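Residue numbers (the numbering used here): 5 to 227. Report on one structure; see the data block that follows.
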């Protein structure tokens, strides 16, 4: 079982108040105080820093916004390695994180990246062709494509390929397995903790009800 690291966002100070007590109460109070003081030595003293909500190119919104790095690159970057950004700039953290959870959206995971990388002559649906062209154009056009996708999903008017449950399931399986493999490669107990996770993306009638799901176990329990 993998130890779930937690980030300390602030210092917590515990102040013990003094009160007047009778002679009979003193031994009991002293015993409790001694126990508390003894227990403090085992209380965690090291804050751990990480990210529990990070999207990669596998999330439809992040991809249309221009992100082209996947879980592999995200984990490399978080653990202190240098990565090349989509704009061609090398980036490296001054201090590596202690842990990372890649939480890509569960719905439509990997779908926009697949559409972007599909040759145009292999697409027959005019809407998908247009969305692909808009993503390749980038900027405002890509953002407009994203908004159109969200609206179509909310209205139940997605193109057939995007509404094909079996096709989406196969895509999700492939992308999820790839993420799990990356997590296992970069998890280094005691040095860097790579956690399995995703963002549950329930969106009834266009209203978001999203929750990050973080596994306490490894890939063997998440497949």
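C-beta: ideal position from N, C-alpha, C; glycine also. The structure presented is a predicted model; accordingly, all values stated were derived computationally and were not measured.
Name the one or two DSSP bridge partners that residue i has.
i           : result
residue 88  : 94
residue 203 : 109 and 216
residue 197 : 103
Could you have a look at residue i and say whether DSSP puts it in helix, strand or coil?
i           : result
residue 106 : strand
residue 226 : helix
residue 177 : helix
residue 192 : strand
residue 54  : strand
residue 60  : coil
residue 48  : coil
residue 11  : Confidence in residue 11 is poor, its pLDDT being 38 and thus under 50, which makes the residue's placement too unreliable to answer from.
residue 250 : As shown, the chain starts at 5 and ends at 227. That puts residue 250 outside it, with no answer to give.
residue 314 : The question about residue 314 has no answer, for the chain in this structure spans 5 to 227.
residue 185 : helix
Sort the options by Cα distance to residue i and report the nearest one.
i           : options               : result
residue 62  : 101, 178, 159 and 56  : 178
residue 218 : 56, 49 and 52         : 56
residue 164 : 127, 73 and 226       : 127
residue 66  : 189, 92 and 114       : 114
residue 197 : 103, 223 and 166      : 103
residue 227 : 159, 188, 141 and 193 : 188
residue 195 : 76, 137, 201 and 100  : 100
residue 109 : 204, 193 and 212      : 204
residue 119 : 137, 105 and 79       : 137
**Message:** For a minimum of 4 consecutive residues, which ranges assigned as the alpha helix (DSSP H) are wholly contained in the stretch 117-160?
**Reply:** DSSP runs (the alpha helix (DSSP H)) wholly in the stretch 117-160: 130-141 and 143-159.
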